[in-house]
Each structure stands twice: as structure tokens, then as C-alpha cells.
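K.L.:
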Amino acid sequence: MLGPGKVRLLEEIAEHGSISAAGRAMKMSYKRAWSLVEEMNAGFKSPLVDRARGGAKGGGASLTPEGEAVLAAYRRLEEKAREAGSEEIALIGAMVAD
């Protein structure tokens, strides 16, 4: 339901205030970005992204409080995984070709 790409999309939406701008920042089509947002919004009890349709003032998007909480929790989980798996990460890193 959530992984590195979707989390980055959430971060880009928070930064740019737009699904289309977030998609462009990730070199992703608007259709793909929109599809991922719909997937996340449908997959959680509450939507993660609040969308406003375009018009005279233009549209926009922002993270809901739930979206902000999910994003923060995911980043904390990543940090815990890095700390707990530091030896394995170093071992695998040492095996990667230059």
C-alpha cells in the first residue's frame, strides 16, 4: 500500500502543493501520479491527499493530517530499519560492484 515511491510522491505534493507538479518533479506522468494518489486515498481509512479541482484560481493538493502522520511514521520506520540493520546494510554495500 505504501513504499518509497508513494512516500516520495507525498513529500513532493506537500512541497509543491500540486499533484501535477509533484509528478513532474519525479519525472512521472500526471495520470500516473493521480492514479497513485487515488490508490493511497482508497487504501487508507482516511484520505492522505486532499485535492482541489482546477478552475479560475487553479487547483491544488495538500496532505491531510492523516497523510502527514503516515509520511512521518514511514520515515521513522525507515530510520529504525537503518539502525537495526546497519551491519547487514554495510555487508551488502561492501558486496556491490564499483
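Mapping to full-length UniProt numbering: the sequence shown position 90 is 90, numbers consecutive. Using N, Cα and C, we set each Cβ at its ideal position, and we do this for glycine too. All values reported here derive from a predicted model rather than from experimental measurement.
1. Quick check: what's the CA-CA separation for V49 versus G67?
2. Tell me whether S35 is buried or exposed, calling it buried when 16 or more other Cβ atoms sit within 10 Å of its Cβ.
3. So, helix, strand or coil for A97, using DSSP?
4. With DSSP run on the structure shown, which of helix, strand or coil describes S29?
5. Would you call K6 buried or exposed, if buried means 16 or more other Cβ atoms sit within 10 Å of its Cβ?
P.N.:
This is what the structure holds:
1. Within the sequence shown, the letter at position 49 stands for residue 49. Within the sequence shown, the letter at position 67 stands for residue 67. Cα-Cα distance, rounded: 6 angstroms.
2. Along the sequence shown, one-based indexing puts residue 35 at 35. Result: exposed.
3. The residue you call residue 97 lines up with position 97 of the sequence shown. Reduced to three states, the DSSP call for A97 is coil.
4. Within the sequence shown, residue 29 is the residue found at index 29, counting from 1. Coil at S29, not helix or strand.
5. The residue you call residue 6 lines up with position 6 of the sequence shown. K6 comes out buried.
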